[in-house]
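Residue numbers (the working numbering), protein chains in the order written: chain F, 102 to 430; chain W, 102 to 430.
Structure, rendered in structure tokens:
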């Protein structure tokens, strides 16, 4: 995408629901190139006034729990009801593995060919903070394109859930029903964030353990204090293969959104999230402005060398470099 | 400390080795009050040219492993040899527990009354990043006061070790010799950072398992790639109570410093650390300048309200707030 992009044209195509334009825009937002970041940022600003109010749902669980097949089944059930569903992913490990370990499109067969679904499962690499912000901006683009349900897949390692929590309204935790050790492998802090626990792969041999697992999770959830949303977390069993229980997941989701909408929790939670993103955006923008300032670049190189040699102390050097830095007039 | 501090006088007292002045200065550096931060920062700048080259040693291990008693015995052995020893601590959990869980002075009886030792075991609370920086500045103050060995106690939870690694030359990992499960409880990534493994409490019943533990740790250490310092990590057993093995710990420490001094690794490592601290200081100073700018405060409050209400998007708001922010020609 080397040619100059027409922001107005691209944003109009996104707003009209053009999936190719949406994919292009997300690529710009995910890019680490300066001119792409610039374009992506203008694009988000142009699209935001057109963003519809969607339901933002995070889906997490340890690798192997069947997140992709669940999203395929759950997402298809939602498009059947007339929703437009977008699937995004946050993967903090992608900078290490140089590629996403999250569900590829081949494991979301139904959604991938569904005209009312947009699947974007491979997130950009890089620092988690950056990835989270990019995902937050991608959400806005999807909402501008008319998607009223955004599913965000995370990898279940703890760190990603915390940042995803700052952009979703609801968290679904997928678990397996197997003999014993049900709670093993679930990172501390993740269960506390769950608004719905789904026992996945409730088929074949696993089904034998479903009731036991339900009891175990109910008991575990009971240990946590009442949620700020005042919502009581249900435990639902489902099979992404047979489709059993998917309806119940959908019903629980609806009940959750009805409750947080009515109680005002959704509004309050989103306000807090917006405050969080303002702080994040300010920090990123501050750093970006400083490090890309032409006055900085030469001076920084020189002083960094002196600091490394030990001729100048880092704290003093920082103050020197920032002398005269502030609002111009 | 409400009265205006005389930075020049206080720094002179620190450089002359006055421990009361040193303690006062560290309190300033650890403070979260704006005027204290300002004073502390001037103080560090005044002291830094007088900082001697010390050996900076991080000491870590799970709670209960006997860090405080070990530091008491090891530190006393060092002052016996004519060294001046300062003890600092980094405790990332202190903002949760509202108080340090690290060794209090009562568990460092010998060092606490040693004229050649300075013990400051209770670190300030707050965000880890901030704590680390404060500890880094406290090190500089201790070095200006003539302490040639700085021992930094950390809590063994993983996160603190990473930040301490950016300020020490050497890491000592304390472990226990007990039946089996020796490697249990040691956070991933900590053993890779160790330059010396000390099997502590090599007395009483534990002593039975010492040889087994030595073999286990040697084997575990063998799994890691060769260290950048090219140093082969020894495993030494000691008893902080009987004093056995403390001499060997000291010898291993000396060998380590001789090697990294000769090979040039120490110089290279410190240069990298200085580069790291320059980046840290720049980020902190950038944020500090922005949030304390009088032009910012009023505007930020107003725009934050609009962002929270959803009338303005966070990314656009950040750009608006930072308009005109940069070098004032």
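Just so you know, even glycine gets a beta-carbon here, dropped at the ideal spot from N, CA and C.
Which residues bound the alpha helix (DSSP H) around residue i?
i, result
"residue 318 of chain F", "311 to 323"
"residue 347 of chain W", "347 to 364"
"residue 292 of chain F", "291 to 294"
"residue 176 of chain F", "168 to 181"
"residue 127 of chain F", "120 to 131"
"residue 146 of chain F", "135 to 148"
"residue 419 of chain F", "415 to 422"
"residue 396 of chain W", "395 to 410"
"residue 213 of chain F", "210 to 213"
"residue 108 of chain W", "108 to 116"
Are the beta-carbon atoms of residue i and residue j separated by less than 8 Å?
i, j, result
"residue 156 of chain W", "residue 250 of chain W", "yes"
"residue 176 of chain F", "residue 188 of chain F", "yes"
"residue 341 of chain F", "residue 301 of chain F", "yes"
"residue 145 of chain W", "residue 277 of chain W", "no"
"residue 221 of chain W", "residue 147 of chain W", "no"
"residue 115 of chain F", "residue 213 of chain F", "no"
"residue 275 of chain F", "residue 162 of chain F", "yes"
"residue 185 of chain W", "residue 427 of chain F", "no"
"residue 265 of chain F", "residue 298 of chain F", "no"
"residue 120 of chain F", "residue 169 of chain F", "no"
"residue 408 of chain F", "residue 379 of chain W", "yes"
"residue 387 of chain W", "residue 383 of chain F", "no"
"residue 180 of chain F", "residue 122 of chain F", "no"
"residue 240 of chain W", "residue 268 of chain W", "yes"
"residue 337 of chain W", "residue 350 of chain W", "yes"
"residue 118 of chain F", "residue 130 of chain F", "no"
"residue 321 of chain F", "residue 292 of chain F", "yes"
"residue 139 of chain W", "residue 173 of chain W", "no"
"residue 423 of chain W", "residue 390 of chain F", "yes"
"residue 411 of chain F", "residue 371 of chain W", "yes"
"residue 310 of chain W", "residue 359 of chain W", "no"
"residue 438 of chain W", "residue 304 of chain W", "The shown model of chain W, from 102 to 430, leaves out residue 438 of chain W, and the question about it has no answer."
Assign residue i to buried or exposed, taking buried as 16 or more other Cβ atoms, counted over all protein chains shown, within 10 Å of its Cβ.
i, result
"residue 352 of chain W", "exposed"
"residue 153 of chain W", "exposed"
"residue 226 of chain F", "Annotation note: pLDDT 49 at residue 226 of chain F (below 50); position unreliable, coordinate value reported separately. Classification of residue 226 of chain F: buried, given that the 10 Å Cβ count is 16 or more."
"residue 317 of chain W", "buried"
"residue 381 of chain F", "buried"
"residue 406 of chain W", "exposed"
"residue 256 of chain W", "buried"
"residue 103 of chain W", "Below a pLDDT of 50, predicted positions are generally treated as unreliable, and residue 103 of chain W, at 40, falls in that range; the measurement from the model is reported next regardless. The residue in question, residue 103 of chain W, is exposed, as its Cβ has fewer than 16 Cβ neighbours within 10 Å."
"residue 415 of chain W", "buried"
"residue 235 of chain W", "buried"
"residue 108 of chain F", "buried"
"residue 421 of chain F", "exposed"
"residue 112 of chain W", "buried"
"residue 98 of chain F", "Not covered by the structure: residue 98 of chain F. The range shown for chain F is 102 to 430."
"residue 413 of chain W", "buried"
"residue 215 of chain F", "buried"
"residue 354 of chain W", "buried"
"residue 135 of chain F", "exposed"
"residue 312 of chain W", "exposed"
"residue 171 of chain F", "buried"
Taking the continuous beta strand (DSSP E) assigned at residue i, which residues delimit it?
i, result
"residue 254 of chain W", "250 to 255"
"residue 277 of chain F", "271 to 277"
"residue 190 of chain F", "186 to 191"
"residue 218 of chain W", "218 to 220"
"residue 342 of chain F", "Note, residue 342 of chain F: premise wrong, no beta strand (DSSP E); not H, not E."
"residue 156 of chain W", "156 to 161"
"residue 301 of chain W", "297 to 301"
"residue 426 of chain W", "426 to 428"
Original post:
Should the region 348 to 367 of chain W be called in touch with the region 394 to 410 of chain F, which here means at least 3 C-beta pairs below 8 Å?
Top reply: Not touching, per the Cβ criterion.
Original post:
Is the region 372 to 381 of chain W touching the region 343 to 357 of chain F, taking contact as three or more C-beta pairs under 8 Å?
Top reply: Output reads no: the region 343 to 357 of chain F does not touch the region 372 to 381 of chain W.
Subject >> Cβ contact (3+ pairs, closer than 8 Å) linking the region 322 to 331 of chain F and the region 234 to 250 of chain F >> reply: Three or more Cβ pairs closer than 8 Å define a contact, and the region 322 to 331 of chain F falls short of that threshold against the region 234 to 250 of chain F.
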